[in-house]
Structure formats: C-alpha cells, structure tokens
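S.K.:
In this note's numbering, the protein residues as written are -2 to 303.
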C-alpha cells in the first residue's frame, strides 16, 4: 500500500495516487500540512519506486512488478533453501537421537537382567547397527539368494516398478537396515541425503538420484554379466521392453554385454518427458520408504521404552 502523506489516503496503485495528488482541490491536511505539489515532485519527478522487495531491497514502481520479481528473487530462494536445509538437519538430528538411544537403553536393560531371553538379545543385535557408506552396501544376501536370477529378471520385466523393487531390496530392506544409505524425508523439497560412512551429506535431488541410479545400473550389469558367464542371457524381447520403457530414459548402458543393440525410437522430447516422469516417481518412492522406515524406528523405540 502507498499513501498520501498529507491526508493519509492509501491505495495499491501508483497511478491512483498520482491522480489524487494532481487534483485541483487539495485534500485536507490530516496527517501533515504539506503541499500536494511538493508530494508529487517527491514521488514522481525523481522517479521514486515505492514498492520494495523485503528480501533484496530492490525497488519497483508497480506492485505487480514487485510480485513478479519475488517469484525469482535469488536472495529469497537462497533464504528458503537455507530454511529447508536447516529443517532437514533438525529433523535428522531428532531421528539420529532416537536411534542412538535405542541400543543404549537395550544394552542397559540387558546388563540389569542376567536372564536375558532370546528376544532381548535379538533386539540388541538389530538396533546396534553400523550403517554402510553409500556405494559400499553389502548386497551379498541378494546375490546369494537362490532366487537371485528370478528376482532380477522380474525387476527387468516390471520395468519402472522393477527398478523400485531393486531400490527397496538394496536401500530399504527391513532385514538389512545397515544398507539404508539414502534418505529423503521431505517430499516437496529439492534435496536428498547420502551417507558417506561418517555423516549424512545433503545433495540436490537430481544429482543425488543420478548417483543412486548409477548404482542400480551397475547391479543390472552385474546380473547380466553373471548370466553370460553361465552361458545364458536375458531374452531379447525382455531386454528391448526394458530399454525402451526405462533403460534409455535413465541412460543405462549395456553395450559392453553381448546383446543385440536396441534402437531407441523415442523422440528427444518424449525421452526427456519419460526421464522426468521416472525421476519424479523414484523420488516419491524413496521419500515414502524413508518415512516408512523412520516410523518403524520410532515405533520400536516407543515399544522398548514403555
């Protein structure tokens, strides 16, 4: 709002104030007895810009220009990013505090009870977890699974849903919480966290997801390589469906393997849209699984301390 310093009249439009000050009959001096001609010169002859951005202090003549500027104000975006980052850090500290209390409480209970039963022992074992560094997850349990080939074949057959299954097998497996090296607690922000073995590192979501998908690609390559070593391979129709639905959009490269090349018949704009859609889907999935495991940790903590 801008106002007349003489009578106190206020408006959101600079043009309206301009007409108000140009009237032949001056307004009543309610606020201050100052000539309207002087006020007009102060406001318009010197190109005064009464609308100011509260984030960067840039001034504009029209309120609409100020509103438009705020949508892309670099200082505003920086402040909002810092606020979101601090919120994530605070939430993560709360989660880590809960996890830190779990083994301590369980161990103390075990020390005061010499008749610890098997269930109590299992609680200690399960909660006293050392998280692996991202990229160094122990997935021998998957490769040694007697159904390993079928699991990986199903992941390829189910395309984007199969990629999510593999994400769950590796990073969100309730039987292997030591591999939860990926976290995304807030769905709509632009960040994701990866654990380096010592601390959680904040990354922009696109960069972080690309790193995660490189790991997923490597697991598919390892599977296909194992198939070839054993004298078998994924059937060509399955490979073609996987590549056209998921592989090309995610930049998966299986060219080093002895499979016939699969032509990508998608136009660039359609491939880009598919990639963006898949990224959105995977980020949503990672967020859901992160919060699911967090809720489970809190539930276990609550049960153990009742």
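Each residue gets a CB set at the ideal place from its N, CA and C atoms; glycine is no exception. Owing to the predicted nature of the structure, the values given are computational and were not obtained by experimental measurement.
Note down, one range per segment and in chain order, each beta strand (DSSP E) of at least 3 residues found wholly within the stretch 17 to 85.
M.R.: The stretch 17 to 85 contains no whole beta strand (DSSP E) run of 3 or more residues.
S.K.: Mind checking residue 177: buried by the 16 CB within 10 Å criterion, or exposed?
M.R.: Under this definition residue 177 is a buried residue.
S.K.: Could you name each continuous alpha helix (DSSP H) segment of 4 residues or more that falls completely within the stretch 215 to 269, going from the start of the chain to the end?
M.R.: Entirely contained in the stretch 215 to 269, the alpha helix (DSSP H) runs reaching 4 residues are, in chain order, 233 to 239.
S.K.: Express the C-alpha separation of residue 72 and residue 198 in angstroms, rounding to a whole number.
M.R.: Straight-line Cα distance between these residues: approximately 23 Å.
S.K.: So what's residue 181 in DSSP terms, helix, strand or just coil?
M.R.: Coil.
S.K.: Rounded to whole angstroms, how far is the Cβ of residue 142 from the Cβ of residue 148, which I believe are closer than 8 Å?
M.R.: With a Cβ gap of about 7 Å, residue 142 and residue 148 count as contacting.
S.K.: Can you tell me whether residue 199 is helix, strand or coil according to DSSP?
M.R.: In this structure, residue 199 counts as strand in the three-state DSSP scheme.
S.K.: Quick one: what's got a C-beta closer than 6 Å to residue -1's C-beta in the same chain, skipping five residues either side?
M.R.: Same-chain partners within the cutoff: 14 and 47.
S.K.: Could you name the residues that DSSP lists as bridge partners for residue 191?
M.R.: Bridge partners of residue 191: 179 and 198.
S.K.: Do residue 40 and residue 24 have their beta-carbon atoms positioned less than 8 Å apart in this structure?
M.R.: Not in contact: residue 24 and residue 40 (Cβ atoms no closer than 8 Å).
S.K.: Quick check: what's the CA-CA separation for residue 134 versus residue 167?
M.R.: So the alpha carbons of these two residues sit roughly 8 Å apart.
S.K.: The alpha helix (DSSP H) spanning residue 130 covers which residue range?
M.R.: Residue 130 -> no alpha helix (DSSP H), and no H or E assigned at all.
S.K.: Does the beta-carbon distance from residue 156 to residue 243 come in below 8 Å?
M.R.: Contact flag set, yes.
S.K.: In terms of alpha-carbon separation, which member of 52, 65 and 196 lies closest to residue 321?
M.R.: The structure shown does not extend to residue 321, since the chain is modelled only from -2 through 303, so no value can be given for it.
S.K.: Give me the Cα-Cα distance between residue 57 and residue 22, rounded to the nearest whole angstrom.
M.R.: If you take the alpha carbons of residue 57 and residue 22, they lie about 29 Å apart.
S.K.: Are residue 179 and residue 209 close, meaning C-beta to C-beta below 8 Å?
M.R.: It is a contact, given that the beta carbons lie within the stated cut-off.
S.K.: For my contact list, residue 126 and residue 174 are in at a C-beta cut-off of 8 Å; report their separation, rounded to the angstrom.
M.R.: Going by Cβ atoms, the distance from residue 126 to residue 174 rounds to 5 Å, so yes, they are a contact pair.
S.K.: Helix, strand or coil: which one does DSSP assign to residue 13?
M.R.: DSSP places residue 13 in helix when its eight states are reduced to three.
S.K.: Less than 8 Å separating the beta-carbons of residue 268 and residue 245?
M.R.: Yes. Within cutoff.
S.K.: Which term fits residue 65, buried or exposed, when burial requires 16 or more other beta carbons within 10 angstroms of its beta carbon?
M.R.: Result: exposed.
S.K.: Taking residue 295 as the reference, which of 27, 12, 213 and 91 has the closest Cα?
M.R.: Residue 91 is the option with its Cα nearest to residue 295.
S.K.: From the DSSP output, which residues share a beta bridge with residue 8?
M.R.: In DSSP, residue 8 forms a bridge with -1.
S.K.: Applying the 10 Å Cβ sphere with the 16-neighbour rule, what's the burial state of residue 304?
M.R.: This structure cannot speak to residue 304, because the chain is shown only from -2 to 303.
S.K.: Exposed or buried, what is residue 27 when buried is set at 16 or more other beta-carbons lying within 10 Å of its beta-carbon?
M.R.: By the 10 Å Cβ count, residue 27 comes out exposed.
S.K.: If you draw a straight line from the alpha carbon of residue 231 to that of residue 164, how long is it in whole angstroms?
M.R.: Those two C-alpha atoms are separated by around 20 Å.
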